[in-house]
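Engineer: Line by line, the protein sequences give chains A and B.
Per full-length UniProt numbering, residue 1 is the first one in the first sequence, and the count goes up by one each step.
Per full-length UniProt numbering, residue 1 is the first one in the second sequence, and the count goes up by one each step.
Note that the Cβ used here is the ideal one computed from N, Cα and C, for glycine as well.
Predicted, not measured: the structure shown is a model, and the values here were computed from it.
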Amino acid sequence: MSSTSQKHKEFVAEPMGEKAVNALAGIGEVLGKRLEDKGFDKAYVVLGQFLVLKKDEELFRDWLKDTCGANIKQQGDCYGCLREWCDAFL
Amino acid sequence: MPFVEDPARFSKSRLKSDLVAHNVALPPAASKKDVYVELHLKHIERNQTADFSSDEEEEQERNVAEDEKLPDPRSLTDDELRGALLRYGVKAGPIVASTRSVYENKLRKLLQPDGRVELNGADDAVLYSDSEEDIQEHGVQDDEESGSEEELLIVELTKNAHQKSKQLPQKRVNEVLEDIYKDAEKTPTGMSVTRRRPIKGAAQRPVEFQYPDTPVSPMTFARREVERRLVPIHIQIVFYVFLVGILYLVYVNVDESSFDKLKDRLRLIQWSGSDETHSLQLEMDVIDVAYGQE
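Structure (structure tokens):
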């Protein structure tokens with residue numbers, strides 16, 4: 001990824017705490033709503049899914065697509081943001 | 001469910017060309033369609049893997065093979081699913097409620113023999129949508145339109161060509177052709193047909209691909225060429241500011257004395273020069289004297 005978004009930088013900069021799911025890069029209002037409807041209301045719940053898929057990019061992308069219909073870019077943003085967060089704080 | 005194509009629905013010419021493609025001896029020319037259908041069923045259904053089998057048959061066969069290997073990822077228990085993935089060299093993580101569907105999909109992908117789905121898995125939903133009616137219609141239309149065997153062969157070749165073209169890293173503009181040839185994705189023959197570049201939007205055909213190197217007019221090209229050689233604008237600005245700064249410094253630092261020095265130097269040069277400059281030099285001396293008196 002050549003450049004990262006503001007959202008990405010903000011998310012990766014600090015522990016996620018109780019941030020909502022749409023604080024994740026690539027997850028906007030629409031996808032955030034869909035994820036919330038499926039019970040993924042906080043960013044850490046998505047992190048849990050990310051971890052239980054063993055940080056595997058392909059699997060996580062598939063899951064995100066199936067769960068909220070994220071497109072390739074959104075999948076990539078969300079994956080990159082969680083992976084970097086893990087690199088920094090896990 | 002796979003779409004099963006009934007040979008009885010084929011046109012006679014299609015049946016004939018299929019038989020020819022499978023090296024089956026043709027019945028007498030006057031024989032009825034039923035004879036062709038029978039031959040078709042006998043020879044072609046049996047060895048579907050042979051060349052030029054229709055894509056629908058291929059599809060059917062693949063699903064059958066898949067079913068034989070593993071009935072359905074969904075019917076497996078968590079442990080079985082894990083074991084199946086392990087057989088394909090995938091070390092699955094914990095299979096729980098939220099991850100199960102992901103691993104099922106993964107296994108389904110691995111079960112696909114040619115791994116093409118991996119290439120553009122995003123299009124799966126489109127590729128296997130429930131528009132089977134469409135193919136059937138298209139297939140029938142194709143059959144009716146193509147009169148001779150040659151034309152049929154061309155149709156098959158175009159399908160192959162299309163499936164080759166799908167692998168090129170080009171950006172899709174629309175999916176019209178994908179609907180028509182939506183399951184022409186396997187290479188049963190291994191034949192490679194070089195694809196002709198389609199004329200964009202000609203004869204009302206859909207614009208299929210977007211080419212990065214779109215032709216530009218000579219003027220635009222020339223302008224781009226010039227722009228490429230010019231120094232970038234911000235460097236130009238920096239340069240001009242630098243130049244203005246130097247000129248300003250010169251202007252500020254110059255005073256009377258430096259003019260005098262310059263004049264002395266000029267005189268030296270002129271004395272050492274030819275006699276023709278003497279008159280001029282005398283004039284300058286006069287000026288100097290006048291200046292000195294002041």
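According to the neighbour-count rule (16 or more other Cβ atoms, all chains shown, within 10 Å of its Cβ), is residue 234 of chain B buried or exposed?
Structural biologist: exposed
Engineer: Around the C-beta of residue 242 of chain B, are 16 or more other C-beta atoms found within 10 angstroms, so that it is buried, or is it exposed?
Structural biologist: exposed
Engineer: Determine the DSSP secondary structure at residue 33 of chain A, reduced to helix, strand or coil.
Structural biologist: In the three-state DSSP reduction, residue 33 of chain A falls in the helix class (H, G or I).
Engineer: When burial is assigned at 16 or more other CB atoms within 10 Å of the CB, is residue 71 of chain A buried or exposed?
Structural biologist: exposed
Engineer: Within this structure, are the beta carbons of residue 21 of chain A and residue 42 of chain A separated by less than 8 angstroms?
Structural biologist: yes
Engineer: If you compare alpha carbons, which of A/65, A/40, A/14 and A/5 is closest to residue 87 of chain A?
Structural biologist: A/14
Engineer: How should residue 330 of chain B be labelled, buried or exposed, when 16 other C-beta atoms within 10 angstroms of its C-beta is the threshold for buried?
Structural biologist: For chain B, the structure presents residues 1 to 294; residue 330 of chain B sits outside this window and is missing.
Engineer: Residue range of the alpha helix (DSSP H) that residue 99 of chain B falls in?
Structural biologist: Taken as a continuous stretch (DSSP letters only), the alpha helix (DSSP H) holding residue 99 of chain B covers 97 to 111.
Engineer: Which residues in chain A sit within 8 angstroms of residue 94 of chain B, going by Cβ to Cβ distance?
Structural biologist: Contact annotation for residue 94 of chain B against chain A: 52 [CB-CB distance below 8 angstroms, chain order].
Engineer: Can you pull the DSSP bridge partners for residue 20 of chain A?
Structural biologist: Beta-bridge pairing links residue 20 of chain A to A/42.
Engineer: If you reduce the DSSP assignment to three classes, tell me which class residue 77 of chain B lands in.
Structural biologist: Three-state result, residue 77 of chain B: coil.
Engineer: What separation, rounded to the nearest whole angstrom, lies between the Cα atoms of residue 125 of chain B and residue 65 of chain A?
Structural biologist: In this predicted model, residue 125 of chain B has a pLDDT of only 44, less than 50, meaning its place in the structure is not dependable; the value taken from the coordinates is given anyway. So the two alpha carbons sit approximately 11 angstroms from each other.
Engineer: I want to verify the contact list: residues of chain B whose CB lies under 7 angstroms from the CB of residue 74 of chain A, in sequence order.
Structural biologist: Here the premise fails: no neighbours, minimum Cβ distance about 12 angstroms.
Engineer: Starting from the Cα of residue 75 of chain B, find the closest Cα among B/101, B/236, B/37 and B/270 and give me that residue.
Structural biologist: B/101
Engineer: Quick one, which of A/68, A/69 and A/50 has its alpha-carbon nearest residue 355 of chain B's?
Structural biologist: Past the boundaries of the shown model lies residue 355 of chain B; chain B is included only from 1 to 294, so the question cannot be answered.
Engineer: Cβ of residue 52 of chain A within 8 angstroms of Cβ of residue 93 of chain B?
Structural biologist: Inclusion of residue 52 of chain A and residue 93 of chain B in the CB contact set at 8 angstroms is warranted, their separation being smaller than that value.
Engineer: Classify residue 228 of chain B as buried or exposed, calling it buried when 16 or more other Cβ atoms lie within 10 Å of its own Cβ.
Structural biologist: exposed
Engineer: Check for me: the alpha helix (DSSP H) holding residue 57 of chain A runs from which residue to which?
Structural biologist: 57 to 68
Engineer: Where does residue 53 of chain A sit, in a helix, a strand or coil, going by DSSP?
Structural biologist: Coil, per DSSP.
Engineer: Let me see if you follow: with CB-CB separation under 8 angstroms, is residue 99 of chain B close to chain A or not?
Structural biologist: So yes, residue 99 of chain B belongs to the interface.
Engineer: Determine the extent of the alpha helix (DSSP H) in which residue 248 of chain B is found, giving its start and end residues.
Structural biologist: 233 to 253
Engineer: Apply the 10 Å Cβ neighbour rule to residue 16 of chain A and answer buried if 16 or more other Cβ atoms are within range, or exposed otherwise.
Structural biologist: buried
Engineer: Tell me whether the beta-carbon of residue 77 of chain A lies closer than 8 angstroms to the beta-carbon of residue 26 of chain A.
Structural biologist: yes
Engineer: Select from B/108, B/21 and B/36 the residue whose C-alpha is nearest the C-alpha of residue 59 of chain A.
Structural biologist: B/108
Engineer: Is there a Cβ of chain B sitting closer than 8 angstroms to that of residue 6 of chain A, yes or no?
Structural biologist: no
Engineer: For residue 40 of chain A, count neighbouring Cβ atoms within 10 angstroms of its own Cβ and tell me buried if that reaches 16, exposed if not.
Structural biologist: Around the beta carbon of residue 40 of chain A, 16 or more other beta carbons sit within 10 angstroms, so the residue counts as buried.
Engineer: Can you tell me the Cα-Cα spacing of residue 73 of chain A and residue 244 of chain B, whole angstroms?
Structural biologist: C-alpha separation (whole angstroms): 48 angstroms.
Engineer: Give me the chain B residues within the contact set of residue 63 of chain A, using Cβ-Cβ distance strictly less than 7 angstroms, ordered along the chain.
Structural biologist: 102
Engineer: Nearest to residue 19 of chain A by CA position, among A/44, A/62, A/69 and A/75, is which residue?
Structural biologist: A/44
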